[in-house]
Amino acid sequence: MYLANRVSPATLNSRLKALLSSTLSFKILAFEDAIFSLQPGDNFDDHRSKILGTLVGSVSSLAYGTGVYLAFMWIPSVHANSGIRLDALQLLSSTQSVTASCEELVNYVGKFANLRQLEYIIGKQLSHSAALTTDAAVSKSDPKGSPIKIHKAVFEYGKTKERRLRIKRLLVRPGQLVAVTGLMGAGKSAFLLALLQELKLVSGKSRISGTAAYVSQAPWIMGASLRDNILFGKAFDEDLYAKTLAICCLEKDINGMEDKDSTIISDQGTTLSGGQRARVALAR
294 MYLANRVSPA TLNSRLKALL SSTLSFKILA FEDAIFSLQP GDNFDDHRSK
344 ILGTLVGSVS SLAYGTGVYL AFMWIPSVHA NSGIRLDALQ LLSSTQSVTA
394 SCEELVNYVG KFANLRQLEY IIGKQLSHSA ALTTDAAVSK SDPKGSPIKI
444 HKAVFEYGKT KERRLRIKRL LVRPGQLVAV TGLMGAGKSA FLLALLQELK
494 LVSGKSRISG TAAYVSQAPW IMGASLRDNI LFGKAFDEDL YAKTLAICCL
544 EKDINGMEDK DSTIISDQGT TLSGGQRARV ALAR
């Protein structure tokens, strides 16, 4: 029995890779907070979802019983009025189409409920960035145009009106280096989140053209080789890889390692220094 049900090493390895790949996707997209915010009992929508699930279950049992009952009541009367002889085989084959339709109806109701839940989850994720627009046409029509334009914008990053970021005017030109400074709590991190379209635009105008790359202040490192941490699933390009290492000042660190960029890094990068973890995340 054990040998018959045993999973082969190849199958187990494939399943583990799929699990890790899914986990990495959630991690790199920073979906943890959004998922935890949807824990049962946290909001009214969850209660409404439970009620909808209960109704689906009730409809399922009711539809099966009602469909069979109506079939047995309706089909014999039709055959009796038409003068056609009805035997058990004809009766069962006739009721089968009715019960199959009821089963499909129940499945559609369940799928509709799942679709509504999916729309709610996706809508909640997109609502924060729906007000902002990414318009690449600005840079195409005007090569000298500004990739970042913000005018009298108010961004909301809390449930209260006091937690709002106000930017009167911001204009960043192509190739311009911008350093954001300020006291603790002044809104530096909120400003970066606004550029990443992670904050809700309450009023004003904000236009972000082109693409953006963001490296968190607390870098995330996975338990893999140094090269895998940098490539993160992308194809290896030797020239681009070497250029990236030079820009991020990782050449000296890698040359000092026994296995070079094949060195295995522990989870959360505890085998690296704080600066090395930050530069590895930057290289990624």
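Sequence positions in the sequence shown follow our numbering and run 294 to 577. Every residue gets a Cβ at the ideal spot worked out from N, C-alpha and C, and that includes glycine.
Coarse secondary structure for residue i, derived from DSSP in three states
i: A430; result: Residue confidence is low: A430 scores 34 on pLDDT, short of 50, so the model does not pin down where it sits. Its coordinate-derived value is still stated next. A430 falls in the helix class under three-state DSSP.
i: R308; result: helix
i: I441; result: strand
i: I557; result: strand
i: E544; result: helix
i: A535; result: helix
i: K481; result: helix
i: L470; result: coil
i: L408; result: helix
i: F525; result: coil
i: D313; result: The question names Asp, yet the displayed sequence has Leu at residue 313. Looking at L313 - three-state DSSP - the assignment turns out to be helix.
i: L476; result: coil
i: R572; result: helix
i: P512; result: coil
i: A487; result: helix
CB-CB length for residue i against residue j, believed under 8 Å
i: S502; j: A446; result: In fact, because the Cβ distance is near 15 Å, the residues do not count as touching under 8 Å.
i: E544; j: L538; result: 5 Å
Other residues of its chain near residue i: CB distance less than 6 Å, five sequence neighbours each side excluded
i: S555; result: S518
i: T564; result: I558
Neighbourhood of residue i by C-beta, 8 Å cutoff - its chain only, sequence neighbours within 5 removed
i: K481; result: V473, T474, G475
i: R245; result: Any answer about residue 245 is impossible in this case: the structure gives the chain only from 294 up to 577.
i: C542; result: R572
i: D521; result: M515
i: A528; result: none
Test item: CB-CB of residue i and residue j under 9 Å
i: V465; j: I523; result: no
i: D546; j: Q569; result: yes
i: L463; j: P512; result: no
i: L489; j: A505; result: yes
i: G516; j: S314; result: no
i: I443; j: A487; result: yes
i: I460; j: G497; result: yes
i: L533; j: Y507; result: no
Residues that DSSP places opposite residue i in a beta bridge
i: S449; result: Looking at the sequence shown, residue 449 is not Ser but Glu. Beta-bridge pairing links E449 to R457, K493.
i: L578; result: The requested residue 578 does not occur in the structure, where the chain is confined to residues 294 to 577.
i: S566; result: None, per the DSSP bridge assignment.
i: S518; result: I557
Residues near residue i by beta carbon distance below 7 Å, same chain, minus five either side
i: L305; result: none
i: V471; result: V465
i: L312; result: none
Check: residue i C-beta below 8 Å from any heavy atom of the ligand ATP
i: Y534; result: Summarising the ligand content, the structure contains no ligands, and the ligand ATP is consequently not present.
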